[in-house]
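Chains as they are written, first to last, in my numbering: chain Y, 1 to 98; chain P, 99 to 201; chain W, 202 to 514; chain R, 515 to 675.
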Amino acid sequence: MPEGLADIATIVLTGIGLVFFLAGTVGLIRFPDVFSRLHALTKADNLGLGFIVLGAGFQADDWTQLAKLGLIWALALLAAGTVAQLVARAALRQEGRE
Amino acid sequence: MTFWLHLIILGLLGSLAGALWRVWVGPAQADRMMAAQLIGTTGIGVLVLLAVLQDWAALTVALALALLAAMAAIGFVKAASSDGAGDPEECAPGPTDARDGQR
Amino acid sequence: MTLALDLGLDLAFGALILATALAAVAGQGLFRAVVFFITYGLLLALVWARLGAYDVALAEGVIGAGLTGVLLLMAQGRLRRADALADPPARGKLAAALAGASVTAALVWAWFTLPLPQRIDLDAPMAASGVENPVTAVLLNFRAWDTLLESIVLLAALVGLWMLARDAEWRAPLGPGFHARAGGVLSVFGRLLPPVGLIYGVWLVWAGADQTGGAFQGGTVLAAVILVAMMAGLARAPRVGAPAWHAALAFGPGVFLLAGIAMIAVGGGFLTLPPEFAKPVTVTIEAALTLSIAVTLALLVVGPPEQQNGGGT
Amino acid sequence: MSRVTMKAMIHRTVVFALIWAVLSAGDPAGQVLGLIVVPATVWLSVALLPARNPLKLWRLTGHTPRFLVGSVAGGVDVARRAFAPSMPLNPGWLRVPMQLGDGARVALGAELSLMPGTLAAGSDGSVLLVHVLDLDAEPGRAVEAQAAEIAALTDPAPEGP
Chain Y
1 MPEGLADIAT
11 IVLTGIGLVF
21 FLAGTVGLIR
31 FPDVFSRLHA
41 LTKADNLGLG
51 FIVLGAGFQA
61 DDWTQLAKLG
71 LIWALALLAA
81 GTVAQLVARA
91 ALRQEGRE
Chain P
99 MTFWLHLIIL
109 GLLGSLAGAL
119 WRVWVGPAQA
129 DRMMAAQLIG
139 TTGIGVLVLL
149 AVLQDWAALT
159 VALALALLAA
169 MAAIGFVKAA
179 SSDGAGDPEE
189 CAPGPTDARD
199 GQR
Chain W
202 MTLALDLGLD
212 LAFGALILAT
222 ALAAVAGQGL
232 FRAVVFFITY
242 GLLLALVWAR
252 LGAYDVALAE
262 GVIGAGLTGV
272 LLLMAQGRLR
282 RADALADPPA
292 RGKLAAALAG
302 ASVTAALVWA
312 WFTLPLPQRI
322 DLDAPMAASG
332 VENPVTAVLL
342 NFRAWDTLLE
352 SIVLLAALVG
362 LWMLARDAEW
372 RAPLGPGFHA
382 RAGGVLSVFG
392 RLLPPVGLIY
402 GVWLVWAGAD
412 QTGGAFQGGT
422 VLAAVILVAM
432 MAGLARAPRV
442 GAPAWHAALA
452 FGPGVFLLAG
462 IAMIAVGGGF
472 LTLPPEFAKP
482 VTVTIEAALT
492 LSIAVTLALL
502 VVGPPEQQNG
512 GGT
Chain R
515 MSRVTMKAMI
525 HRTVVFALIW
535 AVLSAGDPAG
545 QVLGLIVVPA
555 TVWLSVALLP
565 ARNPLKLWRL
575 TGHTPRFLVG
585 SVAGGVDVAR
595 RAFAPSMPLN
605 PGWLRVPMQL
615 GDGARVALGA
625 ELSLMPGTLA
635 AGSDGSVLLV
645 HVLDLDAEPG
655 RAVEAQAAEI
665 AALTDPAPEG
675 P
């Protein structure tokens, strides 16, 4: 891919990524209860990271950097899916107690 | 390109500052904890961009943070369990969902 | 324009770090302080990366994200269960603030009055060190004495922690007796993460000789892996007397010491690595240290034995 | 060693060898070290997660794009609600009984947490607890469709205890 096109792809993708990160934070601040806020955090952020990773991928010099970027996103997704369920459940229990 | 990536990182740091506000006000422990989680994910994003901007060695750090991203939350749910060593899934859920159950 | 943005980025990092540090010590509530402290560690890792110190960023990141958070959150939970969650009196806070401010003032004074040290030329010694990562060369070659003693200090810290155990619980397994729902979210995560963590931790140690990484960073990742397996209820914490675990704890410092003595025999002097042996000896010491660092750090977070009085099941 | 275990070990060896190759690219001595590290990792993986019902890889490749599209839709949906001045939310809980095995149920919970409008909070017995952002959008149907898709990824035999 010509350098100019790769740069445009990076600019567009990282821009979209930032929008999703901002959406996650806005949701975290605006949404009315713990569980709705968890929605915002889990979905928007990991999508944001996905776009940032993709955007960075267009600047990679070789395939190992691409693969590392993919691994970073995969691990972040695994953590997000686990943390969302665990924190939601812990919040459910604490709500019942306090 | 350099200019744009600087802007994006600044935007990410702004988003991170919003999450800091949520850590401050809470109110639930879970709120503070998930804001910290958001800061972690944002931090990974910043490191990925620093890798492009400065040196790909930053990916090594990003990879480590992604690998350990769930650790603090696991510590939190352990500490929040009744004996400090358990798992929130071991007990019946709280009353909320019994009330709201739709099915 | 880009220069201004560069500066703006540094200012933003600085402002965030300061705000987080202040938030961690100001205000009421231990839980909030703990979460701010975790965040602070993460931001610090970002700042080190921004400064180009990726080894330090890695150390800060893995310790902060992997271990300190778990340790502090579990300590907070324990205080809550013991009903000991009182905020310190305001007078104590004032004294601490004054002490902190005077240390900062002294550091600022020192920064402006002390002469800047001459830049040390590392090219010649690096060529003889057998490795390409200057951090590893300093830690395991130029200042090997320091690192040897540090590895022993870590061991001493663990022994000190164990001494906090009650007599009645001395023979119980270490820690609070973690358990988790079989087939639950935590248990499934605990089955998926450790293999990837093992690969990454070992690679960090190996790569540390020539690029970002090292025994301490890799060992910390492996410690987190051990911890995840234990917290997910998949691996049992050992007892204080378990011989295999004792061996793992002493292995690193032991190999380090023996290698140091062996260097006398080959003509270098205690812990002085002749260039022709430097690479293999460094890698051997790093591998052995990694095992001990991983086990020591994991057991430090797990804590002393305490399962007699309603801890676990 | 059963055929299932053999197959799983081969899959995992490929995955872990690939990760090691990515990390140690351009370092011949490091690649040799992989001959020790990769088998050790496969052993750890099989010890922690014994192979019971193998994934159907070809179904997984079909599932991945649908997962990606779903998670983009999830992000867009939540961003729309966050930025909208009126913030349309009608949150509530669903209890969805599951026929899935343990691992598949946890995977479903993780996926649902990234899909539009649903967030799992673990399970109570075999009943998955799902928080939904909008009870009016018939989220129950989406959850069941997702569950069927996850169920199709593994062999029909239910997982062991």
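All C-beta atoms in this analysis are idealised placements derived from N, C-alpha and C, irrespective of residue type, glycine included.
Look up residue i in the DSSP assignment and say whether it is helix, strand or coil.
i: G331/W; result: coil
i: P602/R; result: coil
i: P544/W; result: Not covered by the structure: residue 544/W. The range shown for chain W is 202 to 514.
i: R609/R; result: strand
i: V467/W; result: coil
i: H380/W; result: coil
i: P505/W; result: coil
i: L375/W; result: strand
i: I29/Y; result: helix
i: I16/Y; result: helix
i: A535/R; result: helix
i: D650/R; result: helix
i: V471/R; result: Past the edges of chain R, shown from 515 to 675, lies residue 471/R, and the structure says nothing about it.
i: L435/W; result: coil
i: P193/P; result: With a pLDDT of 45 at P193/P, under the threshold of 50, the modelled position of that residue is not reliable, and no figure is offered here.
i: R93/Y; result: helix
With a threshold of 16 other CB atoms inside 10 Å of the CB of residue i, please say whether the residue is buried or exposed.
i: S559/R; result: buried
i: W407/W; result: buried
i: W249/W; result: buried
i: D129/P; result: buried
i: D685/R; result: In the structure as shown, chain R starts at 515 and stops at 675, and residue 685/R therefore has no counterpart that could be examined.
i: A196/P; result: In this prediction, A196/P scores a pLDDT of 40, lower than 50, which makes its location untrustworthy; the coordinate-derived value is nonetheless stated afterwards. Exposed, because fewer than 16 other Cβ atoms sit within 10 Å of the Cβ of A196/P.
i: T514/W; result: Note that T514/W scores a pLDDT of 39, beneath 50, so its modelled location is shaky; the value from the coordinates is reported in the next line. When all chains shown are included, T514/W counts as exposed.
i: P444/W; result: exposed
i: S585/R; result: buried
i: W63/Y; result: exposed
Using 8 Å for Cβ pairs, my map puts residue i next to residue j. What's the rounded Cβ distance?
i: V87/Y; j: L28/Y; result: Contact doesn't hold; Cβ gap of about 13 Å is too wide.
i: V235/W; j: L274/W; result: 6 Å
i: Y255/W; j: T491/W; result: About 19 Å separates the two Cβ atoms, so there is no contact after all.
i: Q508/W; j: G378/W; result: 4 Å
i: L244/W; j: L217/W; result: 6 Å
i: V150/P; j: A160/P; result: Contact flag wrong, Cβ pair sits at about 11 Å.
Between which two residues does the alpha helix (DSSP H) harbouring residue i extend?
i: S352/W; result: 345 to 363
i: P186/P; result: Element bounds for P186/P: n/a, residue is neither H nor E.
i: A635/R; result: Per DSSP, A635/R belongs to no alpha helix (DSSP H); it is in the beta strand (DSSP E), 632 to 638.
i: L148/P; result: 127 to 151
i: L571/R; result: 571 to 597
i: H39/Y; result: 34 to 57
i: V620/R; result: 616 to 626
i: L549/R; result: 542 to 562
i: M629/R; result: That residue, M629/R, is in no alpha helix (DSSP H); it is neither H nor E in DSSP.
i: P290/W; result: Careful: P290/W lies outside any alpha helix (DSSP H) and carries neither H nor E.
i: Q418/W; result: 416 to 432
i: S73/P; result: No answer is possible for residue 73/P: it lies beyond the span of chain P, which begins at 99 and ends at 201.
i: P395/W; result: 386 to 408
i: I664/R; result: 653 to 667
i: I172/P; result: 169 to 178
i: L217/W; result: 203 to 226
i: T240/W; result: 231 to 251
i: D256/W; result: 255 to 262
i: G270/W; result: 270 to 282
i: V159/P; result: 156 to 165
Which residue wins for smallest C-alpha separation from residue i, given the options the options?
i: W346/W; options: G209/W, M364/W, T497/W, F471/W; result: F471/W
i: Q229/W; options: L210/W, D284/W, P290/W, L206/W; result: P290/W
i: N342/W; options: P476/W, V263/W, A227/W; result: P476/W
i: G415/W; options: V332/W, G385/W, W363/W, H447/W; result: V332/W
i: L340/W; options: G301/W, G409/W, Q277/W, A325/W; result: G409/W
i: A9/Y; options: W154/P, M99/P, A164/P, G112/P; result: M99/P
i: V456/W; options: L349/W, A499/W, F237/W, T221/W; result: L349/W
i: A67/Y; options: V536/R, E652/R, A561/R; result: V536/R
i: L71/Y; options: T158/P, K176/P, G173/P; result: T158/P
i: V426/W; options: G138/P, A167/P, E187/P; result: A167/P
i: P326/W; options: T314/W, W310/W, R344/W, P318/W; result: R344/W
Between which two residues does the beta strand (DSSP E) holding residue i run?
i: L643/R; result: 641 to 646
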